């Protein structure tokens, strides 16, 4: 049996007792999408793209232009030479959303992310004359710190026992957004977390191209610790909701209609407990991008695929729902959490970003 059954049960019971973060469930209106296989192929007049485990292929669609007769003929070639009207493209405007588990054994995955992502961004920057990015990390639960540590804290000016190492005086005093599901992570606390607020300008909960030290800043927000949950599907749905991204929301200004959205999921489990289904989570993301599935790139890090298929255990009735979610998007790729270097996987993600950006039509 997988080692996460007991902690997940405890987390589920804890979340059931938490006050609701929103007035309504994020799944009340999301229509379910039809299930798809791990290998996804889509096509349009602009082109087609398909991915399989470790493979990427793209193809171009057909199109042409023709004109009626005129009395003046200019030497500009045929309609076929001109080709179809080209999309405007994202022009380097990209929103990067990382949804990271706080489950046990995630410290190595988080460390690899902190090393690989700045290189990933550097590579993407070479593709665009202007690179206007937002980078936000969301953790896999709405809790702060360590439940065990918070419960044992006797009062002010007393530190929680190692390895958590944060002051008990902070318990109950963290900003509301630090305990809001789907809000950008700024103050990560608990085991294998910084246990201090990350310094982000202007009170934002995400990084921008004005962030002075991107590698250090990303490492701080991505180190969400290992004292929490792995409910990535539900966290993602909350993160893209208009209430959080609109005026006055915790993530105000993060999600832009005229930007490409690149989502990275990172976990050591398969998210067996989030409310809803992968089809509903995918639809929530598409709805947040005004119905344009092609404006989303999905990248996943998690349990190793078996014979090219997402991990599953029929005897337990379990399957990797994070992997299922990723596979529902035309621009998608999945790598194993056990890969010694996440760099090659992010290289493929870079190609997907470049392709998706070239076909993007800003809303």
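Numbering (mature numbering (1 follows the signal peptide of the UniProt record, and there is no 0)), first residue to last: -22 to -1, 1 to 341. We treat Cβ as the ideally placed atom computed from N, Cα and C, and that holds for glycine. Every value quoted in this text rests on a predicted model; they were computed, and no experiment measured them.
- Task: Just list the alpha helix (DSSP H) runs in the segment 104 to 178, keeping only unbroken ones of 4 residues or longer that don't cross its boundaries, in chain order.
- Result: 125 to 130
- Across which residues does DSSP place residue 276 in a beta bridge pair? 241, 310
- Message: Check whether the segment 238 to 249 and the segment 295 to 311 touch, using three or more Cβ-Cβ pairs below 8 Å as the test.
- Response: yes
- Provide the residue span of the alpha helix (DSSP H) that contains residue 324, from first to last. 321 to 337
- Task: In angstroms with no decimal places, state the Cα-to-Cα distance between residue 321 and residue 307.
- Result: 21 Å
- Query: Going by DSSP, which residues form a beta bridge with residue 250?
  - Reply: Paired residue(s): none; residue 250 is not in a bridge.
- Query: Which residues in the same chain as residue 168 place their Cβ atom closer than 6 Å to its Cβ, once the five residues preceding and following it in sequence are excluded?
  - Reply: 123, 124, 142, 203, 205
- Message: On the DSSP bridge list, what partners appear for residue 287?
- Response: 284
- Query: Considering only residues of the same chain and omitting the five flanking positions on each side of residue -9, which have a CB-CB separation below 8 Å?
  - Reply: Residue placement at residue -9 cannot be trusted, given a pLDDT of 47 that sits under 50; what the coordinates show is reported in the next sentence. Only 121, 125 meet the Cβ criterion.
- Opposite residue 75 in the DSSP bridges: which residues? 114, 241
- Item | Contact belief for residue 109 with residue 187 at Cβ below 8 Å, rounded distance in angstroms | 7 Å
- Task: Take every Cβ of the segment 230 to 247, pair it with every Cβ of the segment 149 to 160, and state whether three or more of those distances are shorter than 8 Å.
- Result: no
- Message: Could you check if residue 114 belongs to the surroundings of the ligand MG, using beta carbon to heavy atom distance under 6 Å?
- Response: With respect to the ligand MG, the structure shown offers nothing to examine, as it has no ligands at all.
- Item | Inter-residue spacing [alpha-carbon to alpha-carbon] between residue 339 and residue 271 | 11 Å
- Item | At least 3 beta-carbon pairs within less than 8 Å: the segment 96 to 111 vs the segment 216 to 227 | no
- Boundaries of the alpha helix (DSSP H) in which residue 299 is found, first to last residue: 299 to 305
- Whole-angstrom distance between residue 163 and residue 199, CA atom to CA atom: 6 Å
- Backbone secondary structure at residue 294 - three-state DSSP: coil
- Query: Would residue 341 be called buried (16 or more neighbouring beta carbons within 10 Å of its own) or exposed?
  - Reply: exposed
- Query: Can you tell me whether DSSP reads residue 186 as helix, strand or coil?
  - Reply: strand
- Message: Using 7 Å as the threshold, is the C-beta distance between residue 170 and residue 93 below it?
- Response: no
- Cβ-based neighbour list, residue 324, same chain, cut-off 6 Å, excluding 5 preceding and 5 following: 94, 98
- Query: Is residue 331 buried or exposed, if buried means 16 or more other CB atoms sit within 10 Å of its CB?
  - Reply: buried
- Query: Applying the criterion that 16 or more other CB atoms from any shown protein chain within 10 Å of the CB defines a buried residue, is residue 291 buried or exposed?
  - Reply: exposed
- Answer yes or no: do residue 166 and residue 144 have a C-beta to C-beta separation smaller than 7 Å? no
- Can you name, in chain order, every residue of its own chain whose Cβ lies under 7 Å from the Cβ of residue 328, other than the five neighbours on each side? 98, 101, 102
- Item | DSSP three-state assignment for residue 340, whether helix, strand or coil | coil
- As assigned by DSSP and simplified to three states, the class of residue 318: coil
- Straight-line gap, residue 127 to residue 229 (C-alpha atoms, nearest Å): 28 Å
- Message: Alpha carbons only, please: which of 177, 227, 243 is nearest the one belonging to residue 208?
- Response: 243
- Query: When we look at the beta-carbon of residue 268 and count the other beta-carbons within 10 Å, is it buried (16 or more) or exposed?
  - Reply: exposed
- Taking all protein chains shown into account, do 16 or more other C-beta atoms lie within 10 angstroms of the C-beta of residue 319, making it buried, or fewer, making it exposed? exposed
- Task: Can you grab the Cα-Cα spacing for the pair residue 265 / residue 274, in whole Å?
- Result: 11 Å
- Message: Beta-carbon within less than 7 Å of residue 105's beta-carbon, same chain only, minus the 5 sequence neighbours each way: which residues are those?
- Response: 332
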